[in-house]
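Enquirer: Okay, here's the structure, questions in a sec.
In the numbering used here, the protein residues as written are 6 to 259.
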């Protein structure tokens, strides 16, 4: 039986306008439902979305108060692979470097299961490494429901009050033969992630109608996530603290 331990609060003061304005960790589904073509569409789509003019403009909108990005892959409880360690985005050249890293990343062997709960916890642990950021957001992409390890509702409950935002990008089947069936599947998956995964007052679920639509969906999601961080919104004390969860399963070392 899974028993949650007490949340450990890491309250770190941030002086004035110091630090980054947002830490963004992106978790990509590489479970058995994702084939080689879909894997490539996912990574190349993320790279292209980050370089899209409107997304790039928002990422670079506040010089001196940058955004930091990290990207990892996930499947079963014991598999989370960091493919982009924390990278601070100060210039367009930084984004080109990130995009090149994603485009040249090759798939590693991964077990087939879908462990959304541990993927959420891994992302939260990554975000705990960025205590000076005004906002911390986890983006979790997935094309299926949880089937291994601690259920996402358990992790979500542990993260309540942590100050994290968790958003989701659900990916429907690529088939265009059974349109009604695909719409039903996407609706069910969106509701599932909406109930058990997303967290925070402004959290949301974005939808890709298949991996061919992944880039466009990621662009929409990034624009929405970045649009609220403007200079007029001073970071509050609550926005500069993170309660790090201590959960009864290990986090892979970075």
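Every residue, glycine too, gets a C-beta built ideally from N, C-alpha and C.
Pick from 90, 197, 116 and 169: whose alpha carbon is nearest that of residue 79?
Expert: In the chain shown, the residue the question calls residue 79 occupies position 74. For residue 79, the nearest C-alpha among the options comes from 116.
Enquirer: If you reduce the DSSP assignment to three classes, tell me which class residue 203 lands in.
Expert: Counting from one through the chain shown, the residue named residue 203 turns up at place 198. Secondary structure of residue 203 (DSSP, three-state): coil.
Enquirer: Which same chain residues end up closer than 6 Å to residue 63 when comparing Cβ atoms and leaving out the 5 residues on each side of it in sequence?
Expert: Working through the chain shown from its first residue, we reach residue 63 at position 58. Only 231 meet the Cβ criterion.
Enquirer: Quickly, what does DSSP pair residue 140 with across the bridge? List them, please.
Expert: Counted from its first residue, the chain shown places residue 140 at position 135. Answer is 27, bridged to residue 140.
Enquirer: Quick one: is residue 43 buried, meaning 16 or more other Cβ sit within 10 Å of its Cβ, or exposed?
Expert: One-based indexing of the chain shown puts residue 43 at position 38. Its Cβ being crowded by 16 or more others within 10 Å, residue 43 is buried.
Enquirer: In or out: residue 152 buried (at least 16 other Cβ within 10 Å) or exposed?
Expert: Position 147 of the chain shown, counting from 1, holds the residue named residue 152. Exposed is the call here.
Enquirer: Taking only the alpha-carbon atoms, compute the straight-line gap between residue 91 and residue 188 and give it to the nearest angstrom.
Expert: Numbered from 1 along the chain shown, position 86 holds the residue referred to as residue 91. Numbered from 1 along the chain shown, position 183 holds the residue referred to as residue 188. Taking the straight line from one Cα to the other gives about 36 Å.
Enquirer: Using a 10 Å radius around the Cβ and a threshold of 16 neighbouring Cβ atoms, would you call residue 96 buried or exposed?
Expert: What you label residue 96 is simply residue 91 of the chain shown in a count that begins at 1. So residue 96 ends up on the exposed side.
Enquirer: Using the rule of at least 16 other Cβ atoms within 10 Å of the residue's Cβ for burial, across every protein chain shown, is residue 24 buried or exposed?
Expert: Taking the first residue of the chain shown as position 1, residue 24 is located at position 19. Buried.
Enquirer: Within 8 Å: the Cβ of residue 232 and any heavy atom of the ligand SAM?
Expert: You won't find the ligand SAM in this model; it holds no ligand whatsoever.
Enquirer: Just to confirm my understanding: we take residue 236, look at its own chain, exclude 5 residues before and 5 after, and list those with CB closer than 6 Å. What are they?
Expert: On the chain shown, residue 236 is found 231 positions in, with the first residue counted as 1. The predicted model places residue 236 with a pLDDT of 42, which falls under 50 and marks its position as unreliable, so this point remains unresolved.
Enquirer: By the DSSP assignment, the beta strand (DSSP E) with residue 170 in it spans what residues?
Expert: Residue 170 sits at position 165 when you count from the first residue of the chain shown. Unbroken beta strand (DSSP E) run through residue 170: 169-176.
Enquirer: Helix, strand or coil for residue 111? Go by DSSP, reduced to three states.
Expert: As a working note, residue 111 is residue 106 in the chain shown. Correct three-state label for residue 111: coil.
Enquirer: Label residue 177 either buried or exposed according to how many other C-beta atoms from any shown protein chain fall within 10 Å of its C-beta, with 16 as the threshold for buried.
Expert: By one-based count along the chain shown, residue 177 stands at place 172. Buried: at least 16 other Cβ atoms inside 10 Å.
Enquirer: Got a sec? Which residues, its chain only, sit under 8 Å from residue 238 by beta carbon, not counting five neighbours each side?
Expert: In the chain shown, the residue the question calls residue 238 occupies position 233. Since pLDDT at residue 238 reaches only 46, below the 50 mark, its modelled position is unreliable, and no value is offered.
Enquirer: Exposed or buried, what is residue 211 when buried is set at 16 or more other beta-carbons lying within 10 Å of its beta-carbon?
Expert: Counting from 1 along the chain shown, the entry for residue 211 is found at position 206. The C-beta of residue 211 has 16 or more other C-beta atoms within 10 Å across all chains shown, which makes the residue buried.
Enquirer: When DSSP labels each residue in this structure, what does residue 232 get in the three-state scheme?
Expert: Against the chain shown, residue 232 aligns to sequence position 227. The three-state secondary structure of residue 232, taken from DSSP, is coil.
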